[in-house]
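The structure appears right after this line, and notes come after that.
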Amino acid sequence: MSLNGHAPASGAPTRVRFSILGLLCLLAMITYLDRAMYGSAKGDMMAAVGQPVSQFFWVLTFFQLAYALFEIPAGWMGDTFGPRKTLLRIVVWWSLFVGLTGFAGMALPGGEVVVIGFVVLVGMQFLFGMGEAGAFPNIAKSIYNWFPEDKRGSAKGVIWMAARLMGGLTPFVWALMVTIGGLSWRQALWVFAGVAALWCVAFVWWFRDHPEQHPAANAEEAALINAGKAAHTDQPRVPWRNIFRSRNVWALCLMYTVTNFNWYFLMYYLPGALRDQFRDQVSGNTGILLLALLGGAPLLVGMGGCFLGGVLSDRYIRRTGDRVWGRRLFGMLGYGLAAVCYLTAAFFTENLWVFAGCLILVGFTNDLIMAPSWACAQDIGRRYSATVSGAMNMVGNLGAALGNFVSGLILAAYTAPKLIDGKEKLVVESTGYVVCFTLFAAVYALGVVSWVFIDPTKPIDVAEERA
1 MSLNGHAPAS GAPTRVRFSI LGLLCLLAMI TYLDRAMYGS AKGDMMAAVG QPVSQFFWVL
61 TFFQLAYALF EIPAGWMGDT FGPRKTLLRI VVWWSLFVGL TGFAGMALPG GEVVVIGFVV
121 LVGMQFLFGM GEAGAFPNIA KSIYNWFPED KRGSAKGVIW MAARLMGGLT PFVWALMVTI
181 GGLSWRQALW VFAGVAALWC VAFVWWFRDH PEQHPAANAE EAALINAGKA AHTDQPRVPW
241 RNIFRSRNVW ALCLMYTVTN FNWYFLMYYL PGALRDQFRD QVSGNTGILL LALLGGAPLL
301 VGMGGCFLGG VLSDRYIRRT GDRVWGRRLF GMLGYGLAAV CYLTAAFFTE NLWVFAGCLI
361 LVGFTNDLIM APSWACAQDI GRRYSATVSG AMNMVGNLGA ALGNFVSGLI LAAYTAPKLI
421 DGKEKLVVES TGYVVCFTLF AAVYALGVVS WVFIDPTKPI DVAEERA
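Going by full-length UniProt numbering, the sequence shown opens with residue 1, and the numbers climb by one from there.
If you want it as structure tokens, here you go:
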């Protein structure tokens, strides 16, 4: 290392960008750990505040609503103040409310007064969503700052692969820690909050907004990353008018709404659906772990979809030079196949393996679009990629809030008592899933059409436009 604290010129680019990618992957994993726990914890959480689990959709709706509404402000913060400060604020905020959620339903010492009842719990999840908003737009901004253009799709694919890995493992981790391991659901949440705090320490130590600022990155690495990129400024003036008037941005937002409307069923409702529908078809701790693995499997195979979608998109662009169809083709393919899988699952709601298998394939095919969609946000946003990504994720998560609300209402309308492990529980009848899956397939068809209107060669700043 040179006297000025930076890596000396060596002729070969350093590889600091890959350690930055590793930090961002860990962040994506923690983000999904703290969200995916809802699918496993909701029964205990609702029992603690004296409400039936069928009302949990209010928690999900308000979480997603806050997550959506604060995406653009958090994206703007990343473009204005840099992702380092913004991501630190995001993780500290949300981990605080994850930890506080562990106190839901607890009475004050020596008394009967419950401070965190159902209404306060819903409000806290709104604040949790507010805090977590902007994580992925600022990850996208970091990828834009740290990777050359032809590697951004692959880098985003790796990010989403890591996120899906943790989301898919969360039901299994929960079963090991709580169902079998003996930790309370409260203690599990406190552990999760502690993991996020440890990440913050590592992040502050190693992460920098740009390669030029990193003491371990040399000039060759910075030149490789910044080739063909407009010189960055610390506080770019965001062209709000261009963003709101861009057909490209609106099409991008519509497309991502489709993903979120349909996909969150897999993370929030599927683990419980498998336990309720098929608990009598398996036995013992092995059966519990099997259902937990199947509940997380759509996210686990989604890793492959995320990675494959990014690699295929970037490879298509390198071979053909056609960025439009390099992004569009795999998005349309993923949505079309996901629609077919949801429709097939609707016909096999009583068969564990076919039902779970179809939904696992939904997880894979849906995630083929993840890397191309976020790469499009980077292509269209360029210097303002965090803001454009924030807009896409904001509208998409409004779709998630709507999807959670509609799914919750449908499933609640088709509940009936069922004996599970010797106890009577309210569970969803098969018709509820048929209605949901048919709706999801129709929404995916709309998503296929939305890709036609997305052109990643048309950035919001016309000065940056290039073929």
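By construction, the Cβ of each residue, glycine as well, lies at the ideal position given by its N, Cα and C atoms.
Residue environment, residue i, which counts as buried when at least 16 other CB atoms sit within 10 Å
| i | result |
| --- | --- |
| S2 | Bear in mind that a pLDDT of 42 at S2, under 50, signals an unreliable position, so the model cannot answer this. |
| G182 | exposed |
| S283 | exposed |
| M255 | buried |
| A12 | exposed |
| P215 | exposed |
| V98 | buried |
| A356 | buried |
| A66 | buried |
| F244 | exposed |
| A227 | exposed |
| D276 | buried |
DSSP state of residue i mapped onto helix, strand, coil
| i | result |
| --- | --- |
| V427 | strand |
| A12 | coil |
| A107 | strand |
| T349 | coil |
| T457 | coil |
| A416 | strand |
| F56 | helix |
| V195 | helix |
| G182 | coil |
| Q51 | coil |
| G117 | coil |
| A227 | coil |
| A216 | coil |
| F97 | helix |
| G408 | helix |
| F70 | coil |
| R237 | coil |
| G82 | coil |
| residue 496 | The structure shown does not extend to residue 496, since the chain is modelled only from 1 to 467, so the question has no answer here. |
| L3 | Residue confidence for L3 is low, a pLDDT of 36 falling below 50, so the modelled location carries little weight; the figure read from the coordinates is stated next. In this structure, L3 counts as coil in the three-state DSSP scheme. |
Beta carbon of residue i nearer than 9 Å to that of residue j
| i | j | result |
| --- | --- | --- |
| Y444 | N262 | yes |
| V59 | M45 | yes |
| T438 | A297 | no |
| Y268 | G39 | yes |
| K42 | F63 | no |
| P171 | A292 | yes |
| A377 | M392 | yes |
| I72 | T387 | yes |
| V120 | A104 | yes |
| W451 | Y335 | yes |
| I30 | V91 | yes |
| W94 | A196 | yes |
| G153 | M303 | no |
| N248 | F453 | yes |
| G117 | D209 | no |
| L26 | W174 | no |
| T415 | S142 | no |
| F203 | L23 | yes |
| L78 | L87 | For clarity, residue 78 is Gly in the given sequence; the question names Leu instead. A contact, by the Cβ cut-off of 9 Å. |
| Y32 | A223 | no |
| S407 | Y264 | yes |
Beta-carbon proximity list for residue i, same chain, < 8 Å, skipping 5 on both sides
| i | result |
| --- | --- |
| R17 | W146, F147, P211, A217, E221 and I225 |
| R180 | Residue identity check: residue 180 is Ile in the sequence provided, not Arg. Cβ within range, chain order: N285, I288 and L289. |
| A467 | Low per-residue confidence applies at A467: pLDDT is 40, beneath 50, and the placement is therefore not dependable, though the value from the model is reported in the following sentence. Same-chain partners within the cutoff: T457. |
| P239 | Y384, I460 and D461 |
| L270 | G39, G295, P298 and L359 |
| G396 | A68, C253, Y256, T257, T259 and N260 |
| D322 | Y316 |
| R319 | none |
Sequence-distant residues of its chain with Cβ nearer than 6 Å to residue i (five each side left out)
| i | result |
| --- | --- |
| L411 | V428 and G432 |
| G326 | S313, Y316 and I317 |
| F307 | G157 and M161 |
| F70 | M130 and A133 |
| W374 | A140 and K156 |
| A188 | M177 and V178 |
| G331 | I369, P372 and W451 |
Proximal residues to residue i (C-beta, below 7 Å), its chain only, five neighbours per side dropped
| i | result |
| --- | --- |
| L446 | V258 |
| L100 | M124 |
| V434 | A346 and T349 |
| residue 471 | Residue 471 lies beyond the residue range present for the chain, which begins at 1 and ends at 467; the question has no answer from this structure. |
| A48 | A104 and G105 |
| F278 | L291 and L352 |
Residue-chain proximity (residue i, chain C), Cβ-Cβ < 9 Å
| i | result |
| --- | --- |
| V301 | Looking for chain C here will not work: only one protein chain is present. |
What are the start and end residues of each continuous alpha helix (DSSP H) run of 4 or more residues lying completely inside the segment 125 to 150, in chain order?
135 to 146
Please specify which runs of the alpha helix (DSSP H), each continuous and at least 4 residues long, are wholly inside the segment 321 to 405, giving them in chain order.
323 to 346, 352 to 367 and 370 to 381
In the segment 256 to 305, which residue ranges form an unbroken alpha helix (DSSP H) of at least 4 residues, counting only runs that do not cross its ends?
270 to 278
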